[in-house]
Amino acid sequence: MNPQLHKILLQSDESFSARLEMGLDFNKQWHYHPEIEIIYIITGSGTRCIGDNVNNFESDELFLIGSNVPHMLRSDSEFDPDNPDEAIVIHFHPDLLTSFLAFPENKGVTNVLNKSSYGINVGSEVILEARKLAHAIRFVRDTQKFILLLQLLNLIAGNANNTLISHEAFGADFHKFDDSRLNKIYHYTLNNYSREITLKEIADLVNLTPHSFCRYFRSRTKKRYSLFLSEVRISQACKLLSNTELSIALVSYESGFMNFSNFNRQFKSVTGKTPLEYRKTFQHVL
């Protein structure tokens, strides 16, 4: 798919950046950059697209996104301005650590950075300590700032419960693509998933024939558009099942599924649970 290249600007006295972002507008375009990204969600929720995966994000989550891995975070606060999002975002170029990672003692960090080409959802076991480090990095300078980055990476690398996000690795070839076509497709889908979206309709949006659109979308995303649309709808259904008391039939309808049995089948295919099992699991956690 054709994400946009984002250029990360550094101050003259820094080799990597650590910023507090208010709102996630900076991250709502489908984009990539050569820098590795660590993003800690302080507050907020919404839909995340990382590599070939579509899912939800919530407060107190931490992601490690590899060099040139395409990604986008679409915030719910676009529709709820009274609940603004905050995130700490750290960017560093892979070359920053090349010499350091050559030492055998650093193989754990090397491995986790290699796996970041899939995108990593960092396990909750280390979130408390990771949160402290992410906040601290913003307020220190010089050697201490670099040491804290290494501590954060070492913490992530040592956690056995990290989850790979994308089904396939991304990054190597994405620097070849740079246009807005996929941004149109993604945002149109996220704005209209609750109704029927025909293949001709989405193909017309980007001035392609249906056949050309299917070939284009699959070659870029490694999946069919129908699967992507289903994942967006399932992501919304998960949100409604966990945050509302709507009936499962109404959740199906609100998420864009006109056929209840199809909803049940696709929901289980994506999540491994039926909608009722998913809701009960969430209620049990609460």
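In this note's numbering, the protein residues as written are 183 to 468. Note that the Cβ used here is the ideal one computed from N, Cα and C, for glycine as well. The structure displayed is predicted, hence computed values, not measured ones.
Taking a cut-off of 8 Å for Cβ pairs, the segment 230 to 238 and the segment 270 to 284 do not touch, as fewer than three such pairs fall below it. Contact between Tyr407 and Ile384 holds, since their C-beta atoms are separated by about 7 Å, short of 8 Å. Across the set Glu350, Asn336, Arg313, Arg323, the C-alpha of Asn336 shows the shortest separation from the C-alpha of Gly290. Under DSSP, Glu219 takes part in a beta bridge, and its partners are Ile247, His273. In the three-state scheme derived from DSSP, where H, G and I count as helix and E and B as strand, Val291 is classed as helix.
Cys420 and Asp242 have their C-alpha atoms some 18 Å from each other. In the structure shown, Asn238 falls within a strand segment according to DSSP collapsed to helix, strand and coil. Here Ser249 has Pro216, Ile218, Pro276, Gly353 as same chain residues with Cβ atoms under 6 Å from its own Cβ, once five neighbours each way along the sequence are excluded. By the beta-carbon neighbour count (other beta carbons within 10 angstroms, threshold 16), His253 is buried.
CA-CA distance, Ser281 to Val294, rounds to 16 Å. In terms of Cα proximity to Ile347, the closest of Ser306, Glu268, Phe245 is Phe245. DSSP places Tyr375 in the coil class of the three-state scheme, outside both helix and strand.
By the criterion of a C-beta distance shorter than 7 Å, Gln448 is surrounded in its chain by Ser412, Ile416, once the five residues flanking it on both sides are discounted. Taking 4 residues as the minimum length, the alpha helix (DSSP H) runs contained wholly in the segment 427 to 455 are 430 to 436, 442 to 453, in order along the chain.
Positions of the alpha helix (DSSP H) runs, each at least 4 residues long and wholly inside the segment 301 to 350, are given as 309 to 319, 324 to 339 in order along the chain. Cβ-Cβ distances below 7 Å link Gln333 to Leu315 in the same chain, with the five nearest sequence neighbours on each side left out; the list follows chain order. Contact annotation, Leu202 with Arg377: C-beta distance approximately 37 Å; criterion of less than 8 Å not satisfied.
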